[in-house]
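Numbering (my numbering), first residue to last: 453 to 631.
The C-beta atom is built at its ideal place from N, Cα and C for all residues, glycine as well.
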Amino acid sequence: ATVSLAAAGLVAFLALGDPNAPARLSRSAGARFYGPAPDVLRSGQEYALVAGTVELAFTSGALVLLDAPAAFEIRDPLRMVLKSGRGSVQVDERSKGFTVDTPLAKVVDRGTRFALDVGESGETEVHVLEGAADIGELRLTRGDARRVGPQGMSTVPLDADRFPKAIPDRVVSYEATSA
Numbered sequence: 453a454t455v456s457l458a459a460a461g462l463v464a465f466l467a468l469g470d471p472n473a474p475a476r477l478s479r480s481a482g483a484r485f486y487g488p489a490p491d492v493l494r495s496g497q498e499y500a501l502v503a504g505t506v507e508l509a510f511t512s513g514a515l516v517l518l519d520a521p522a523a524f525e526i527r528d529p530l531r532m533v534l535k536s537g538r539g540s541v542q543v544d545e546r547s548k549g550f551t552v553d554t555p556l557a558k559v560v561d562r563g564t565r566f567a568l569d570v571g572e573s574g575e576t577e578v579h580v581l582e583g584a585a586d587i588g589e590l591r592l593t594r595g596d597a598r599r600v601g602p603q604g605m606s607t608v609p610l611d612a613d614r615f616p617k618a619i620p621d622r623v624v625s626y627e628a629t630s631a
């Protein structure tokens, strides 16, 4: 039993780099951070993504895709703070209840996938792409979208295309030349 417990700890350490870290940077495309790029994301530390797209894998099973620019903080395996930026959250059964706090809203996932856009002033848009999510006491379901601002909440049209859906397998650029 002691050997299997030690082996499990080693596997967790190798997978995450730090078995106590609630999340890790699992994939990225053209990503640059202000400061050194993290492999593991520690609770209470603020991160600033200045370029590219990243996928954050939480130990709870939640996956978060963020497009730059974004400022965020990891709280625990089921909670993060998005201070500004655009992203999408996908959860499985283990991570239902995953919460994203923004300056003006608290968004709780109730199943599958939602997207958010948090402006510099804290104004927050939430778009439910699949399943359901709660903003405070309000339950949103697939196709619903709301904006939360200093004056309250309003309905906005769903716009799934403006949010990250996946990390590109590779980024290719071409330069045209004349012959």
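Close-in-space but distant-in-sequence residues of the same chain around residue i (CB under 6 Å, 5 per side omitted)
{"i": "Val559", "result": "Val552, Val578, Ala585 and Ile587"}
{"i": "Pro555", "result": "Gly574"}
{"i": "Gly595", "result": "Leu610"}
{"i": "Pro616", "result": "Thr505, Leu517, Asp519 and Ser540"}
{"i": "Ala612", "result": "Leu581"}
{"i": "Leu534", "result": "Phe524, Val552, Thr554 and Val570"}
{"i": "Val600", "result": "Leu556, Ala557 and Thr576"}
{"i": "Val498", "result": "The sequence shown places Glu at residue 498, not Val. Here the set comprises Glu525."}
{"i": "Glu572", "result": "Ser536"}
Inter-residue CB distance, residue i and residue j (contact presumed, cutoff 8 Å)
{"i": "Ala520", "j": "Val502", "result": "6 Å"}
{"i": "Gly537", "j": "Ala522", "result": "3 Å"}
{"i": "Gly539", "j": "Leu517", "result": "6 Å"}
{"i": "Gly513", "j": "Arg546", "result": "4 Å"}
Beta-carbon proximity list for residue i, same chain, < 8 Å, skipping 5 on both sides
{"i": "Arg422", "result": "With the chain covering 453 to 631 only, the question about residue 422 has no answer from this structure."}
{"i": "Arg484", "result": "Leu501, Val502, Ala503, Gly504 and Ala520"}
{"i": "Arg562", "result": "Lys548, Gly549, Gly583, Ala584, Ala585, Asp586 and Arg591"}
{"i": "Ser456", "result": "Bear in mind that the predicted position of Ser456 carries a pLDDT of just 44, short of 50, making it unreliable; the figure below should be weighed with that in mind. So no residue of the chain qualifies."}
Nearest candidate by alpha-carbon position, reference residue i, set the options
{"i": "Thr593", "options": "Leu610, Tyr486, Pro602 and Val600", "result": "Leu610"}
{"i": "Arg614", "options": "Ala597, Gly604 and Ser606", "result": "Ala597"}
{"i": "Val541", "options": "Ile526, Val570, Glu525 and Phe566", "result": "Phe566"}
{"i": "Lys548", "options": "Ala557, Val570 and Arg531", "result": "Arg531"}
{"i": "Phe524", "options": "Asp569, Asp544 and Arg546", "result": "Asp569"}
{"i": "Arg527", "options": "Asp544, Gly571 and Asn472", "result": "Asn472"}
{"i": "Gly604", "options": "Thr576, Gly496 and Gly513", "result": "Thr576"}
{"i": "Thr564", "options": "Ala509, Ser606, Glu572 and Leu515", "result": "Leu515"}
{"i": "Leu529", "options": "Glu572, Thr607 and Leu493", "result": "Strictly speaking, residue 529 in this sequence is Pro, with Leu absent from that position. When each option's Cα is compared against that of Pro529, the closest is Leu493."}
Environment of residue i [buried if 16+ CB atoms lie within 10 Å]
{"i": "Ala467", "result": "The predicted position of Ala467 is uncertain, since its pLDDT is 46 and thus under 50; a value taken from the coordinates is nonetheless stated next. Flag for Ala467 reads exposed."}
{"i": "Thr511", "result": "buried"}
{"i": "Pro602", "result": "exposed"}
{"i": "Tyr486", "result": "exposed"}
Residues near residue i by beta carbon distance below 7 Å, same chain, minus five either side
{"i": "Ala509", "result": "Ala475, Arg476, Ser478 and Leu515"}
{"i": "Val608", "result": "Glu577, Ala597, Arg598 and Arg599"}
{"i": "Asp544", "result": "Gly513"}
Which runs of the beta strand (DSSP E), 3 residues or longer, sit entirely within the segment 508 to 536?
515 to 528
Which runs of the beta strand (DSSP E), 3 residues or longer, sit entirely within the segment 564 to 595?
576 to 587 and 590 to 593
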